[in-house]
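Visitor: I'd like to ask some things about the structure below.
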Amino acid sequence: MSSDKIIDGKAFAAGLRQRVASAVPAFVKAAGRKPGLAVVLVGDDPASQVYVGSKKKATVEAGMESFEYRLPDSVSQGELITLVEQLNADDGVDGILVQLPLPSHIDDKAVIAAIDPAKDVDGFHVVNAGRLAVGEDAFVPCTPLGCLMLLKDRLGDLSGKNAVVIGRSNIVGKPMAQLLLAENCTVTIAHSRTEDLADVVRRADIIVAAVGRPEMVKGDWLKDGAIVIDVGINRLAPTDGEHKGRLVGDVAFDEALGHVGAITPVPGGVGPMTIACLLRNTLVAAHRRAGLLAPEGL
Ligand code: NDP
50 MSSDKIIDGK AFAAGLRQRV ASAVPAFVKA AGRKPGLAVV LVGDDPASQV YVGSKKKATV
110 EAGMESFEYR LPDSVSQGEL ITLVEQLNAD DGVDGILVQL PLPSHIDDKA VIAAIDPAKD
170 VDGFHVVNAG RLAVGEDAFV PCTPLGCLML LKDRLGDLSG KNAVVIGRSN IVGKPMAQLL
230 LAENCTVTIA HSRTEDLADV VRRADIIVAA VGRPEMVKGD WLKDGAIVID VGINRLAPTD
290 GEHKGRLVGD VAFDEALGHV GAITPVPGGV GPMTIACLLR NTLVAAHRRA GLLAPEGL
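Using my numbering, you'd call the opening residue of the sequence shown number 50 and step up by one each time.
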């Protein structure tokens, strides 16, 4: 296996986190305070607790202020929105992230709509989604933003490339397609109703797979030299033969290596980029709110 075929998201994310951290002291000097990220967790979902813990650790390591709010499962939608409104009004808070999924009695759309778009560092608010769609400056959801950074780092100019995004969720597939379109790619969005997906994928120079189905994209679906970004995070069952609970992506990685120009591994590809981009978005939000120019090269 040639290591230059592996896109090392972990290393790229570490570099981005370092660049963010090294820009923080200048912000503190100019604004007289640290950039602040508030993370709201409702309930005790174990995976969400891990994500929130990692976000807090990374925020503090970058020299930023982390505010954490843990609310019981029983919290009402109204109480949660009241907290979001308090955070909107808090000058020390630059970014607000409400960890999804929320309990079923809470409408996540209503909660996201309550976040001030200027503090929407997750980029889920319709104002930011709309700005991205019309080509205005927007907070872009962290996972697709991280995917784009990895693609540009590997390919440079993406102009004219055939890109296929598999998945059309609001948090990954759709914003990913918008970002690639803005880079002048010819973009196809595939989903569960797409006919002959293998044939669609075979035409792509760039494939972003965001499906949530273990190793669905096979090696022989891929054009020689294609660049593959695998967003999927799938844990195989502990009973699954020799795999024993292993994490895999949406792309059959070993098969793909024989065809691709480069591919992100799972884990160690897209995953680490998400938190790094969250820190990046928080730093940018802090600069905008303080009327300062955000540092270049983030
Ligand atoms: P969703 O479940 O919201 O969306 C999945 C998409 O895949 C849908 O658009 C669906 O189509 C499409 N799909 C499902 N089955 C097929 C199929 N057989 N062929 C083609 N398309 C199909 O997932 P997310 O976008 O939230 O996440 C996708 C994956 O990325 C998951 O594995 C998730 O864990 C991972 N992820 C990783 C992150 C990270 O690395 N930090 C962050 C976010 C997600 P349709 O719309 O027609 O139903």
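A virtual CB, placed ideally from N, CA and C, is assigned to each residue, including glycine.
(1) Quick one: give me the first and last residue of the alpha helix (DSSP H) that residue 253 is part of.
(2) Return yes when at least one heavy atom of the ligand NDP lies under 7 Å from the C-beta of residue 221, else no.
(3) Terminal residues of the continuous alpha helix (DSSP H) containing residue 323?
(4) Between the C-alpha atoms of residue 278 and residue 308, what's the straight-line distance to the nearest angstrom?
(5) Tell me the rounded alpha-carbon separation between residue 126 and residue 165.
(6) Can you list the residues near the ligand NDP, meaning Cβ strictly closer than 5 Å to any non-hydrogen atom, in the order they appear in the chain?
(7) What is the DSSP secondary structure of residue 279, counted as helix, strand or coil?
(8) Quick one: what does DSSP say residue 215 is sitting in, helix, strand or coil?
(9) With a CB to CB cut of under 6 Å and the five nearest residues on each side skipped, what residues in its chain are close to residue 191?
(10) With a cut-off of 8 Å on the beta carbons, I'd call residue 224 and residue 172 a contact; round off their distance for me.
(11) Output the distance between the C-alpha atoms of residue 180 and residue 187, rounded to the nearest integer angstrom.
(12) According to DSSP, residue 88 sits in a beta bridge with which residue or residues?
(13) Please name the residue or residues paired with residue 300 in a DSSP beta bridge.
(14) Residue 109 and residue 103: beta carbons closer than 8 Å?
(15) Compare the Cα-Cα distances from residue 131 to each of 163, 198, 54 and 301 and report the closest residue.
(16) Among 189, 63 and 239, which has the Cα closest to the Cα of residue 107?
Guide: Per the coordinate set shown:
(1) Residue 253 -> no alpha helix (DSSP H), and no H or E assigned at all.
(2) Correct: residue 221 has its Cβ closer than 7 Å to the ligand NDP.
(3) Counting along the chain, the alpha helix (DSSP H) containing residue 323 begins and ends at 320-338.
(4) Taking the CA atoms as reference points, residue 278 sits about 14 Å from residue 308.
(5) Taking the straight line from one Cα to the other gives about 17 Å.
(6) Ordered along the chain, the selected set is 192, 216, 217, 218, 221, 240, 241, 259, 260, 261, 280, 281, 282, 319, 320 and 323.
(7) Reduced to three states, the DSSP call for residue 279 is strand.
(8) The answer is strand: DSSP assigns residue 215 an E or B state.
(9) Closer than 6 Å at the Cβ level, and outside the excluded window around residue 191, lie 323, 326 and 327.
(10) Indeed, because the Cβ distance is near 7 Å, the residues count as touching under 8 Å.
(11) Their Cα atoms are separated by approximately 6 Å.
(12) Answer is 117 and 146, bridged to residue 88.
(13) When DSSP reads this structure, residue 300 sits in a beta bridge with 266.
(14) Going by C-beta atoms, residue 109 is not nearer than 8 Å to residue 103.
(15) Across the set 163, 198, 54 and 301, the C-alpha of 163 shows the shortest separation from the C-alpha of residue 131.
(16) Comparing Cα-Cα distances from residue 107 to each of 189, 63 and 239, the minimum goes to 63.
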